[in-house]
Amino acid sequence: MKIIRHNNSKKYLIILFTLALTSFSAYGQLERSLFYLPILPNARTVNPAIIPSYKLYVGIPFVSSVKTGFDNNFKHEDLFIKKGDSLYLDRDHILNRIDDETKGNINLMDEVFAVGFKLKKNYFHFRIAEMMNTNFSIGKEFFRFVLYGNGSDHYLGNTVTFDKNSFNLTYYREYSLGYTRQITDKLNLGVNLKYLQGIANISTEDMEASLYTDPNDFTLSAQTNIRINTSIPWKKGSGFQPADVFTVTGNSGFAFDIGGQYLLNNKWSFSASVLDLGNIKWNNNLKNFKTKDPDKMVSFSGFDLDDFLEDGGLDRDHINDVLDSLSNELGIVETEESYNTKIPTSITANANYNLGTNNRFSGVFGIQFLEDWSWPTFSLAYTRYFTRDVNMMLSYTVTPNSFFNLGGGFAANIGPAQFYLVAENFMASFALSKAELLQIRFGINLVFGKTWKKEKKKKKGEEKPVDENNS
Amino acid sequence: MNKRKKHHLIRQIRTIILIFLLSTVFVSCDKFKDDFDPDKVVVPDWNPEFAVPLINSTFTITDFFGDSNVYIKTNPDHSLSFIYGVDDLSSPTAEEVMNIPDQNFNFMQQYDVPSLPPGVLDTLNLDFEFPFLTDTTGQRLDSIFLKSGELYIHGTTNLNRDTVSLRVTVANMIDKETGVPLLFEFPLNNPDQQEWVEFEQQIDMTKYYMAFNNIGTTADNTFVFLIEIVIHGDENPDLSPYDLNIDGYIKNIGFERFFGYMGQYDFTMNDSLDINLFDKTISGGIQVGPGAISLSMDIGNSLGLPVMIAANELYVTSESTPPYHVDINLFGAGVPNIFTINAPDISHIGESAETNLNFVNTNLDEAFNISPNKLYFDLIAVSNPQGDTTVENFVLDTSLITLDMNLEVKLFASISDFVVEDTVDFDLDQNVDEINNLLIRLNTINRFPLAASIQVYFTDADYQVLDSLIVQQDNMIVEGAPIGGPPEYRVTDSTWKMTDFNLPKQKIQNILTAEKLLLRASLSTTDGQLCIIYDDYSITIKIGTIVGVNITSN
């Protein structure tokens, strides 16, 4: 009976994993779900105090953990109105639906390599991962400006102010060295020290502007307070070259994670962590664009024809010169100055309650601190242990703008191979146009030396005990 | 729950979850395709409109006419005049006008030589002369300083003496440095009793001048050879009379300076002035203010002789306004266009005497009512117009007459429905799919007393009109500034006019297919009033556009 069950599990899991891979392009994953699959050693990335239930685990290079997704405060149906088979783009609908600030977060992570092993009460961990994170915030006025234009009655003769805008795209490589200590039978503490290799960044420090359009002759009067920092390794025209990202970039940073885990009794356990406290200093491939004099009002009322006519025709070279000089007129200068960016820090708190030996209820409160705003989330989950090698979970997540996000996932060990797939807000599959949140993570690990077998021997007579390290 | 039931339950749950996940994947793929298929996005009926200032230029008169052949003069009262001029127009030089013909001469003379015993000398003198030819009637040569010329002399004699010498003095040819007449010496020794003794020589005349008034003859233009034959006595028989034949020529005569009476020659000067002020005119009326048009000539004369200038032709023509041709009277109706000019005296040889003429009684004001495009003139300067041969002339080879002519058009006029038109190639090879509609706004701030109604036609290569820019009735896009009264006729304020041109998609497409741009403007001074243009007048043109962006475009 036991043999038959395992064969079926393998078949189902392989099918599921294949389907997950084929649907990867549509989905993403969020860190919260890693709390809800206790047999995953990757859970250590959301709390360094977690000691996986294996003496050794090795992540399959490049596929041990792949994560992508978005977490926004707008959704598809905020942009389009569906009527029958058609999608209508109505600007008033858009402006009525979006918030004063439209915020978005798109992230992508691929673990290049990971390894962890346990030595008595100590756990050591090392991983390399490619991280890309994009956050943006766009003020509603900017949308209105783009959708209506400064030639509309709304803007002619009025001053429009663009604020509440920011953008931060960071692509970096993380080298993480972790250590966890089982302080007592009930308390674990852990830390990850990270060296960050910055590869590319575009970020705004200041992004404010005002524009007045004269209603009679359309003279534009602008005032800007802009500082945009960029560090982009691939040069214009040469395209992307692998060497641009796989060599030493000269942009370095450090960060760390700390966490603690406390087992109150057989039913209750708690954990908390602070992740990614650190920053990157960008020194190479720099270009900064900043307003020289933010108090200066610049007006442009048109080109002087005299400057552009040469030999009876338009002097196109001069036109290009003037277009270049227009940015100078606006007082936006280009520099090459080093700058720092923080990586998004997050704090999470987790509580778990074991109902019997096969059921667990969990809750996670997390908050991520982005450049200009913070992003709290709360989720509840139910985890079912079908066997000690198979976890399945369902979750419910609340974000500031989205209150109904159902997630699901599984993790299973088939011999030393471990497969997992977690998706948050899988309801988006049925109503993608309503989704503000969509995250997916999947991967394959190799795990050795399952510690619960040892525990089982110790606690002979108990049926399927919950692993103490992840409980 | 027994073990079998429990296992059955687990399998059921697992199956349900699998079906759920499979459904999720398939449904999500299909949903994604539905929700993000760009082909399903319906073209909206709105377009964002962006206002952009394009042109902001201020033009003065100089900007409109600065590159043309006109000189814009600011008068002391800051009014403006257009000066159309001809500078340094030159007549042919005296050397080009006056030709000294080649001269040929031929003399034959018999002479007797008595028998002379050895040791005795005898000298025989003979004179020859010929009239020096000129190319005009009545010309009198006093002296001509040569810069080129060849004199060739050749002769034969049958004198049968052992020792004889021949000296030929060319009395008119004087060495410029020494002042000594040209002398040829030929030996005519004939010890062998040859039948003929021959002699010849050719010289370059550059170092000589020809003098005709110091050789004792009374006849004008006489060229004289003085012959001296020196014979030594010998035993040879006397075969007198003997023959002496002399011939030769003078050719390629070029002069540096001429003194005498030159006679009458024509020095012609003709040219035309382009009056571009009316180049593009196709119709309309202009009434210039009194005294607005004037003509002046600065004439230089380096010919040392009296000169009279006659205007063989002097008229203006118009391509647009009848009668298309008006003759100009410099001194009023019925008075011939003839006048004399100054000449240098002998103390200013080589210099030019200036004559400055301002013609104040012309009919140019009237002539300009036809909006002329050109002024033609054909002037003839006649030397010694009175034909007085006693007058002493001097002329250098480079002597000539020069002319600077200025036609000054003071911008003092009234115009009414003055239509100008121009055609320019138009090739707007641009993809404007992104543009749904276009509004072009023209603001003019005008300080000129000129109002303009403008239309722009877009045509194909055969000038077939495809579309026009302005469809509204009011195409008076520039309003003239109000004009004050005499005598200044100055504008009192500027005017502002804002005009919108709407270009829907179809009109933009028509414009894109056009190959020619036909610009037609009807100009009038404000209320048809007389006005003067001053140097502080300007017009500011601001062109802005509101572009309706076609957001469905790729």
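From first to last, the protein sequence lines stand for chains A and B. Start counting the first sequence at 31; every next residue gets the next number (this note's numbering). Start counting the second sequence at 44; every next residue gets the next number (this note's numbering). Just so you know, even glycine gets a beta-carbon here, dropped at the ideal spot from N, CA and C.
Looking from the CA of A/V452, the closest CA among A/N281, A/S240, A/P430 and A/T413 belongs to A/T413.
Only residues of its own chain outside the window of five on either side were considered, and among them G347, E394 and A396 have a CB closer than 6 Å to the CB of B/P387, listed in chain order. For the segment 81 to 115 of chain A, the continuous beta strand (DSSP E) assignments of 3+ residues that do not extend past its boundaries occur at 84 to 89, 96 to 101 and 110 to 113, in sequence order.
Of all residues in the segment 335 to 349 of chain B, none comes within less than 9 Å of chain A when Cβ atoms are compared. Spatial neighbours of B/T199 in its own chain (CB-CB distance under 6 Å, excluding positions within 5 residues in sequence) are listed in chain order as W239, E241 and N288.
Under the Cβ criterion of 8 Å, A/R121 is counted among the residues facing chain B. Of all C-beta pairs linking the segment 214 to 233 of chain A to the segment 181 to 200 of chain A, three or more are shorter than 8 Å, placing the two stretches in contact.
At a C-beta separation below 7 Å, A/L335 has these neighbours in chain B: I98 and S100. Where A/E454 is concerned, the enclosing beta strand (DSSP E) starts and stops at A447 to E454. Against A/L125, chain B offers no close residue; the least beta-carbon distance is about 12 Å (beta-carbon pairs closer than 8 Å).
When DSSP assignments are scanned along the segment 519 to 596 of chain B, the uninterrupted stretches of alpha helix (DSSP H) that are 4 or more residues long and fall wholly within it turn out to be 548 to 556. Under the three-state reduction of DSSP output, A/N318 falls in the strand class. A/R418 carries a coil assignment under DSSP once its states are collapsed to helix, strand and coil. In the structure shown, the three-state DSSP call for A/L468 is strand. Secondary structure note for A/H155: its beta strand (DSSP E) is the uninterrupted segment N152 to G169. Scanning the segment 212 to 242 of chain A for uninterrupted alpha helix (DSSP H) segments of 4 residues or longer gives nothing; none is fully contained. Relative to the Cα of B/G334, the nearest Cα in the group B/N401, B/I423, B/N486 and B/P379 belongs to B/N401. Against chain A, the CB of B/F175 has no partner CB under 8 Å away; the residue lies outside that interface. Counting C-beta pairs closer than 8 Å gives fewer than three between the segment 173 to 188 of chain A and the segment 141 to 161 of chain A, which falls short of the contact rule. Only buried fits A/Y242, as 16 or more other CB atoms lie within 10 angstroms of its CB.
Sequence-ordered contacts of the segment 244 to 257 of chain A with chain B read D244, P245, N246, D247, F248, T249 and L250 [C-beta pairs closer than 9 Å]. Sequence-distant Cβ neighbours of A/F143 in its own chain, meaning closer than 7 Å and more than five residues away, are G89, P91, R157 and I158. Burial check for B/P366: the Cβ neighbour count within 10 Å stays below 16, so the residue is exposed. Using beta-carbon distances, B/N486 counts as an interface residue toward chain A, with a partner under 8 Å.
Among the residues of chain A, none has a CB under 7 Å from the CB of B/G528; the nearest is roughly 32 Å distant. Fewer than three pairs of CB atoms, one per stretch, sit closer than 8 Å, so the segment 410 to 427 of chain B makes no contact with the segment 92 to 108 of chain B.
Just measuring C-alpha positions, the residue of B/D341, B/S283 and B/I554 sitting nearest B/V508 is B/I554. Interface with chain B (8 Å Cβ-Cβ cutoff): A/F300 is excluded. Only residues of its own chain outside the window of five on either side were considered, and among them L138 and Y201 have a CB closer than 6 Å to the CB of A/M162, listed in chain order. Within chain B, no residue has its beta carbon less than 9 Å from that of A/S83; the closest one is some 22 Å off.
According to DSSP, B/Y419 shares a beta bridge with B/S315 and B/Y358.
Taking a cut-off of 8 Å on C-beta distances, the segment 439 to 453 of chain B touches the segment 119 to 136 of chain B, as three or more cross pairs fall below it. Taking 8 Å as the Cβ-Cβ cut-off, the segment 162 to 183 of chain A approaches chain B at V176, L177, Y178, G179, N180, G181 and S182, given in chain order. Apart from sequence neighbours up to five positions away, the residues of its chain that approach B/T212 with a beta-carbon distance below 6 Å are P224, L226 and L269, ordered along the chain.
Here the segment 534 to 541 of chain B lies against the segment 483 to 490 of chain B, with 3 or more beta-carbon pairs under 8 Å apart. Contact between B/S414 and B/F321 holds, since their C-beta atoms are separated by about 4 Å, short of 8 Å.
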